[in-house]
Each structure stands twice: as structure tokens, then as C-alpha cells.
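In the UniProt record's numbering, the protein residues as written are 1 to 281. We treat Cβ as the ideally placed atom computed from N, Cα and C, and that holds for glycine. Heads up, the thing below is written out as C-alpha cells.
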Amino acid sequence: MSQANHVLYRPEFPRSDSYDPEWVMDNQMGPNALWLLEWLCASLDLKPDMRVLDLGCGTAMTSVFLAREFNVRVWAADLWVNPDENWKRVCSAGLSDHIFPMRVEAHSLPFAREFFDAVISVDAYHYFGTDELYLGYLSCFVRPHGVIAIAVPGLMQHIEKGVPEHLSRKQSNGHAFWEDECISFHTAQWWRALWERSNRVEVAVADTMPEGWKLWRDFEIVLESAKKNQFPSVAEALDADQGQYVGFVRLVGNRKEGIAPMNLYDPGLIAQMNSDNTDSR
1 MSQANHVLYR
11 PEFPRSDSYD
21 PEWVMDNQMG
31 PNALWLLEWL
41 CASLDLKPDM
51 RVLDLGCGTA
61 MTSVFLAREF
71 NVRVWAADLW
81 VNPDENWKRV
91 CSAGLSDHIF
101 PMRVEAHSLP
111 FAREFFDAVI
121 SVDAYHYFGT
131 DELYLGYLSC
141 FVRPHGVIAI
151 AVPGLMQHIE
161 KGVPEHLSRK
171 QSNGHAFWED
181 ECISFHTAQW
191 WRALWERSNR
201 VEVAVADTMP
211 EGWKLWRDFE
221 IVLESAKKNQ
231 FPSVAEALDA
241 DQGQYVGFVR
251 LVGNRKEGIA
261 PMNLYDPGLI
271 AQMNSDNTDS
281 R
């Protein structure tokens, strides 16, 4: 059903338009995840029955979108959101045979190597993926020539001399946009360089969303008007910024052939190495 008369309607996101705006607002945890995912998926070639890891899925809105729009099987993995609650949402969406909610920490993924055709992460990867070793680890779970794709808040240009005053000052609601965690915001060029250094993926896309700041601001305004914002609105700071520094970044990489690197996040690594050495004697 079209939501063309609703304030969330955007013609550039026709797939997202088919979802109940109230459902979207009730389950949001930040910027509009469906808009970000639809933008990200425009650079992907998802096929029915592909195995997809939705890493940092939040309330599983993105998992529902992936399963419904592309008929893929989705492992809905999140650390903060109870999988029991996500399972209820999945069942309510009629997708219990397509989506499998899990509580997962990003550095301790409980999957077989090369299990997934794709790993997708929306508004989450910047919390754990800035580690130079992480992409190599994550790529272990993707088949050769499979895809890793992320859409995250980021910078439109590098910040040279301290955080701009309009981002660090308090808004009229008493909260500033820039928090300590914002040090994980980077430019598309920064992300490309990080991924290329890993030598585990061929970077296919590294770009920014046109007018991303405006979409972020507009969603914040709608949430605040509906009194459904979980966090203090940052619309005022985004409006002051006008996309000079803040927006959204998209990265897509295809996994290269080759032997997977050692899992340096494994707490049992030394024991495993000792076992392997014993077995080889």
C-alpha cells in the first residue's frame, strides 16, 4: 500500500514506501534504516535463497526488508536487541521461514567459514569495523566472490582542526550532535583505504548518499513530531551542517579468493594452535 501522503514518503525509495510508517518509526534505532538499506541494495545483486548475514540488525527491520524484497534467507544478528523480541517481529511479518534472529557479538561470530553469500550491515559497522583486522576476520565467513556491504553515518570531508562548533555545541534540546563515539565516523575514501589494505576484498563501491544529511534531518523531525524518537533529536545540528561534514557512506566489497587469515579474536587460539601442532606430528 502506497504511503505517498505520509511525511516519510520519498520517491527515491519506492521499496521502503511499501512499509507502514508507524512500524518503521516504532522500530527505529537511529537514521531510517530502510532508506539506507534500499540505497545499499541498489549496488548489490541479491538472488533468492542466498544466505545473508544482517550484522547489527537492530530490531530486524532490515532483515524483514531483505527477506521480503529479495527472498533471501537472513541471519538477523545483533548484540543489543533481544532475539526473542526480534523473533516476534519476524513472525508478525510472516517470515519465520526466512529470518533467524540471534544474539551475536561481532568479534565472535558462530558460523562456518564461507557460509554466507553476503554480509550486510546498516548503521552498525562503524561500531566495530574500524579495527584494521576486522574485515579480514569477517571475510572468513563469506564465500569467495561473495559480498560485504555496509551503509553507515560518516564524514563528507576529513575534519582537520577539531570538531566544527555547530556539531559540538548543544542544540536547543540541550544535547550536542557530536559525542565521543562519533570518532568512528570517516569519509568514503578512508573506508576504501582501510578495506583495500586488508587485501581480502575488491572494493566495488565507496561513495556517499546524495543529500543524505537532509534525509537524516527529515527523519529526525518526523520522529520528534510523532514523539517516537528513542534518542534526543539531532535535526538542528544536521540543519546547521547542511551536509558539509555529516552524511552517509556506502561500501561494497567482493571477497577475493585465498586462504582465510588466522582468527585473532578467538580466545581459544593458542589451544587450537597447540592442538594443530600435535596433530601434525
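Three-state class that DSSP yields for residue i in the structure shown
{"i": "residue 27", "result": "helix"}
{"i": "residue 102", "result": "strand"}
{"i": "residue 16", "result": "helix"}
{"i": "residue 116", "result": "strand"}
{"i": "residue 88", "result": "helix"}
{"i": "residue 166", "result": "helix"}
{"i": "residue 145", "result": "strand"}
{"i": "residue 269", "result": "helix"}
C-beta contact flag for residue i and residue j at 8 Å
{"i": "residue 44", "j": "residue 75", "result": "no"}
{"i": "residue 151", "j": "residue 39", "result": "yes"}
{"i": "residue 291", "j": "residue 256", "result": "The displayed coordinates of the chain run from 1 to 281. Any statement about residue 291 would go beyond what the structure contains."}
{"i": "residue 115", "j": "residue 73", "result": "no"}
{"i": "residue 166", "j": "residue 235", "result": "no"}
{"i": "residue 67", "j": "residue 102", "result": "no"}
{"i": "residue 184", "j": "residue 127", "result": "yes"}
{"i": "residue 122", "j": "residue 36", "result": "yes"}
{"i": "residue 265", "j": "residue 107", "result": "yes"}
Alpha-carbon spacing of residue i relative to residue j, whole angstroms
{"i": "residue 155", "j": "residue 206", "result": "13 Å"}
{"i": "residue 175", "j": "residue 140", "result": "40 Å"}
{"i": "residue 216", "j": "residue 208", "result": "13 Å"}
{"i": "residue 2", "j": "residue 18", "result": "Reliability fails at residue 2, whose pLDDT of 46 lies under 50, so the model's placement of it is uncertain and no value is given."}
{"i": "residue 89", "j": "residue 160", "result": "43 Å"}
{"i": "residue 84", "j": "residue 110", "result": "18 Å"}
{"i": "residue 7", "j": "residue 229", "result": "15 Å"}
{"i": "residue 117", "j": "residue 194", "result": "22 Å"}
{"i": "residue 170", "j": "residue 33", "result": "26 Å"}
{"i": "residue 87", "j": "residue 55", "result": "16 Å"}
{"i": "residue 219", "j": "residue 31", "result": "7 Å"}
{"i": "residue 296", "j": "residue 211", "result": "Nothing about residue 296 can be read from this structure; the chain reaches only from 1 to 281."}
Residue i burial status per 10 Å Cβ neighbour count (16 or more: buried)
{"i": "residue 231", "result": "exposed"}
{"i": "residue 247", "result": "buried"}
{"i": "residue 233", "result": "buried"}
### Query
Is it a yes or a no for the stretch 190–203 touching the stretch 22–33, going by three-plus beta-carbon pairs under 8 Å?
At 8 Å Cβ cutoff, the stretches do not touch.
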